[in-house]
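In terms of the UniProt record's numbering, the sequence shown has 36 at position 36, counting the first letter as 1, and numbering is strictly consecutive. The beta-carbon is built from N, C-alpha and C at its ideal position, and this holds for glycine as well.
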Amino acid sequence: MYERNYGIIISVDDLDRAREFYRDTLMLGAPVVDSNHWVEFQLSNGLVLGVRQQPNACSQKGCNTMWVYYTANYSEIREQLLDAGFSPLKIAAPPVGLKAETFSDPEGNRFTLAQKPQ
Numbered sequence: 001m002y003e004r005n006y007g008i009i010i011s012v013d014d015l016d017r018a019r020e021f022y023r024d025t026l027m028l029g030a031p032v033v034d035s036n037h038w039v040e041f042q043l044s045n046g047l048v049l050g051v052r053q054q055p056n057a058c059s060q061k062g063c064n065t066m067w068v069y070y071t072a073n074y075s076e077i078r079e080q081l082l083d084a085g086f087s088p089l090k091i092a093a094p095p096v097g098l099k100a101e102t103f104s105d106p107e108g109n110r111f112t113l114a115q116k117p118q
């Protein structure tokens, strides 16, 4: 069994597309829970990223989720995003000394990809 200390829940219309994006493009690996309405990824330090299917998730007020993904594989994942057609958003620069850029998932949920501090 894996440890759950805290987590993020992202709502999406297309769970299959989101599963593929988070598993393959962000390189989170195989989900620890995978059903037809919920996908869950175990991240570091007990963080759980849950993705739930919710029709019209972003149609009313837009997507409001924003999270930071610290990774030692920053350059590799950034290239994966660019190769898959995802461009960085034009958002204020990250703090000095932090290599980071903000992107959106296929449904508009924003996240900041950041180099994990040493």
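Take residue i and list the residues in its own chain whose beta-carbon comes closer than 6 Å to its own, dropping the five residues that flank it on each side.
i   : result
V68 : T112, A114
Could you pull the start and end residues of the alpha helix (DSSP H) that residue i belongs to?
i   : result
Q80 : 74–83
L18 : Reading off the sequence shown, one finds Ala at residue 18, where the question assumed Leu. Unbroken alpha helix (DSSP H) run through A18: 15–20.
Mind checking which residues open and close the beta strand (DSSP E) that includes residue i?
i           : result
L28         : Where L28 is concerned, there is no enclosing beta strand (DSSP E), given that its DSSP letter is neither H nor E.
L40         : Here the sequence assigns Glu to residue 40, which means Leu is not the residue at that position. That run of the beta strand (DSSP E) goes 38–42.
I9          : 6–12
residue 144 : It is not possible to answer for residue 144, since the shown part of the chain is limited to 1 through 118.
L47         : 47–53
Among residues of its own chain, excluding the 5 on either side of residue i, which ones have a beta-carbon nearer than 8 Å to its beta-carbon?
i   : result
A57 : S11, V12, D13, C63, E107
R78 : E101, L113
P36 : One point to set straight first is that residue 36 is Asn, not Pro, in the sequence displayed. Cβ within range, chain order: L15, Q53.
Enumerate in chain order the residues of its own chain whose CB-to-CB distance from residue i is below 7 Å, with the five nearest sequence positions on each side excluded.
i   : result
I91 : T102
P88 : E101, T102, F103
**OP:** May I ask you to verify whether the segment 39–57 touches the segment 7–14, counting CB pairs closer than 8 Å and requiring at least 3?
**Re:** yes
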